[in-house]
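Please read the structure below before turning to the comments.
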Amino acid sequence: MKTVFISNYINHHQIPFSDALYERLGSDYTFIQTEPMEEERVKMGWGLDPEKIPYVRFSDREEGECRRRIEEADLVLAGWTRRTDLFLPRLSSDRLTFRISERIYREGQWKAVSPRGLAAKYREHVKFRNRPVWLLCAGAYVASDFSLIGAYPGKKLKFGYFPKLRLYEEDRLFAGKRDDVIQMIWAGRMIPLKHPEYVVRLAKELDDMGARFLIHFVGSGPMEGELKAEIARLGLASRFRLYGFLKPDEVRDLMERCSIHLFTSNYLEGWGSVVNEAMNSGCCTVANARAGAVPFLVRDGENGLTWEDGSYEGFARKVKEAVKDPEAVERMGRAAWRTIAEEWNAQRAAEACLEFYEGWKAGCPSAFASGPLSRAPVLSARWKYDEGKLEG
1451 MKTVFISNYI NHHQIPFSDA LYERLGSDYT FIQTEPMEEE RVKMGWGLDP
1501 EKIPYVRFSD REEGECRRRI EEADLVLAGW TRRTDLFLPR LSSDRLTFRI
1551 SERIYREGQW KAVSPRGLAA KYREHVKFRN RPVWLLCAGA YVASDFSLIG
1601 AYPGKKLKFG YFPKLRLYEE DRLFAGKRDD VIQMIWAGRM IPLKHPEYVV
1651 RLAKELDDMG ARFLIHFVGS GPMEGELKAE IARLGLASRF RLYGFLKPDE
1701 VRDLMERCSI HLFTSNYLEG WGSVVNEAMN SGCCTVANAR AGAVPFLVRD
1751 GENGLTWEDG SYEGFARKVK EAVKDPEAVE RMGRAAWRTI AEEWNAQRAA
1801 EACLEFYEGW KAGCPSAFAS GPLSRAPVLS ARWKYDEGKL EG
């Protein structure tokens, strides 16, 4: 079964899924990279050498071969890339294609009324609504966006990103988290949509409560200077460990020591693979329910905690509840670990894709009850607060 995954570039969020397909398909699997990784991502610790990965091909220097592989593939997975011309001709055929997409109207669904935008969406998506093209939704509100324009009717499935799965002896993992000092972690780019300032404000309130805690603050970005200044001004230096950007494996090592993961991103967050990573590490994630991955992965009170309105107050309330109940935190952390280990991981996603293809080929696409490639519900993406644009 020849399978091609085309996207802008390979990274540590896609390698486990690609490795899983390569294990099953060998040389019949190809990942086509259409551009080099941005320097900002390299500085964040994402850098790798795709030349050393046996299944990666490069459209900028072997376009003819890449086009041939796309044309001959039984299954194509098309992620985000500027080179849509490489696979759009295939979409008119009778061969199965998965389009993988984050939200197209993150800044507001009102943008769906733009005539120019609608014309572009028609050419790239709606035009193929009756062809064997299915949408893999890399975010819980993706189905809502595409429903607005009438694309992929009845063909929207849950998907996402699948960082490396770490396997643990469960009791040993959680024994290492038990401490009189509650350890928490926040990791990401320090930009407005990710609200790192919530973490500093929270630390002040927890300190005033007399809580014993330590926050591992991982990342960098435009807000880093003001955050450091605020930590110093509030006398909270002993409550934080600041690291700057770390390599993904180094972040995971820290997560293994932490009980709580703070995920403060707003609705502009496309997915948020750090949630997968924290849950795999047995953290109880406290997350904004509007952020991309959260409704797919986190069940409030079961394997993490969520708040609905994006406000600081909602976030702080949930964290304070968690800090007061370490037994509940461990229970939710264990459930989070199982969610990733048993369902939301690269191996399951790869198996689901191949099983779906075989079912589709036989005239009966597989129906998964949960996890990757289960039906993506059309969730309401309308809320009363507006936090601006993606830039910065």
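Position in the sequence shown (first residue = 1) + 1450 = this note's numbering.
Cβ atoms here follow ideal geometry from the backbone N, Cα and C, with glycine treated the same way.
Residues that DSSP places opposite residue i in a beta bridge
i       : result
Phe1843 : Coverage of the chain is limited to positions 1451 through 1842, which leaves residue 1843 absent and any answer about it impossible.
Lys1606 : Leu1585
Ser1824 : Phe1818
Gln1483 : Ser1457, Phe1508
His1463 : BP columns for His1463 are empty, so no partner.
Arg1549 : Ala1528, Leu1585
Trp1757 : Asn1738
Val1668 : Ala1637, Gly1694
Phe1663 : Ile1632
Euclidean distance between Cα positions of residue i and residue j
i       : j       : result
Ile1641 : Gly1809 : 43 Å
Ala1737 : Glu1522 : 42 Å
Tyr1835 : Glu1619 : Because Tyr1835 sits at a pLDDT of 46, beneath the cut-off of 50, its placement in the model cannot be relied upon, and the following sentence gives the value as read from the coordinates. About 42 Å.
Phe1624 : Leu1617 : 13 Å
Phe1537 : Trp1757 : 40 Å
Ser1594 : Arg1579 : 16 Å
Arg1784 : Glu1680 : 34 Å
Ser1543 : Leu1525 : 12 Å
Gly1838 : Glu1647 : Caution is warranted here: a pLDDT of 49 is assigned to Gly1838, below 50, making its placement in the model unreliable, and no coordinate value can be reported.
Asp1775 : Asp1657 : 17 Å
Pro1565 : Phe1596 : 16 Å
Arg1628 : Glu1557 : 40 Å
Gly1660 : Pro1745 : 33 Å
Glu1515 : Ala1637 : 39 Å
Cys1733 : Lys1811 : 40 Å
Gly1754 : Ser1731 : 13 Å
Ala1831 : Arg1825 : 17 Å
Gln1559 : Gly1626 : 45 Å
Leu1840 : Glu1490 : Only weak support exists for where Leu1840 lies, its pLDDT of 49 falling under 50; the value from the coordinates is given anyway. Distance between the alpha carbons of Leu1840 and Glu1490: 16 Å.
Glu1777 : Glu1771 : 11 Å
Lys1571 : Ile1599 : 8 Å
Ala1653 : Asp1510 : 48 Å
DSSP state of residue i mapped onto helix, strand, coil
i       : result
Asp1524 : coil
Cys1814 : coil
Trp1636 : strand
Phe1713 : strand
Cys1734 : strand
Thr1534 : helix
Asp1621 : helix
Lys1563 : Here the sequence assigns Val to residue 1563, which means Lys is not the residue at that position. In this structure, Val1563 counts as helix in the three-state DSSP scheme.
Phe1746 : helix
Arg1474 : helix
Asn1795 : coil
Ile1681 : helix
Met1782 : helix
Gly1558 : coil
Gly1497 : coil
Phe1612 : coil
Arg1573 : helix
Lys1770 : helix
Leu1718 : coil
Arg1579 : coil
Ile1790 : helix
Pro1646 : coil
Ala1601 : coil
Asp1544 : coil
Glu1752 : coil
Test: residue i CB closer than 8 Å to a CB of chain D
i       : result
Leu1546 : No chain D appears in this structure, which consists of one protein chain only.
Cβ separation of residue i and residue j, assumed to be a contact under 8 Å, to the nearest whole Å
i       : j       : result
Met1494 : Phe1695 : 5 Å
Pro1668 : Val1701 : The question names Pro, yet the displayed sequence has Val at residue 1668. Right, their Cβ atoms sit about 6 Å apart.
Ser1723 : Pro1613 : 5 Å
Met1782 : Glu1752 : 7 Å
Arg1553 : Tyr1591 : 6 Å
Thr1453 : Arg1533 : Rounded, the Cβ-Cβ distance is 18 Å, inconsistent with contact.
Any non-hydrogen atom of the ligand MG closer than 7 Å to residue i Cβ
i       : result
Asp1544 : Among the components of this structure there are no ligands whatsoever, and the ligand MG is therefore not found.
Q. If you pair each beta-carbon of the segment 1670-1678 with each one of the segment 1727-1736, do three or more pairs fall below 8 Å?
A. no
Q: State whether the segment 1713-1723 contacts the segment 1738-1749, with contact taken as three or more CB pairs (one from each stretch) at a distance under 8 Å.
A: yes
Q: Could you say if the segment 1568-1575 and the segment 1783-1797 meet the contact criterion of at least three C-beta pairs nearer than 8 Å?
A: no
Q: Evaluate the contact criterion for the segment 1800-1809 versus the segment 1460-1476: three or more CB pairs, one atom per stretch, below 8 Å.
A: yes
Q) How do the segment 1580-1595 and the segment 1607-1615 stand: do at least 3 beta-carbon pairs fall below 8 Å, yes or no? A) yes
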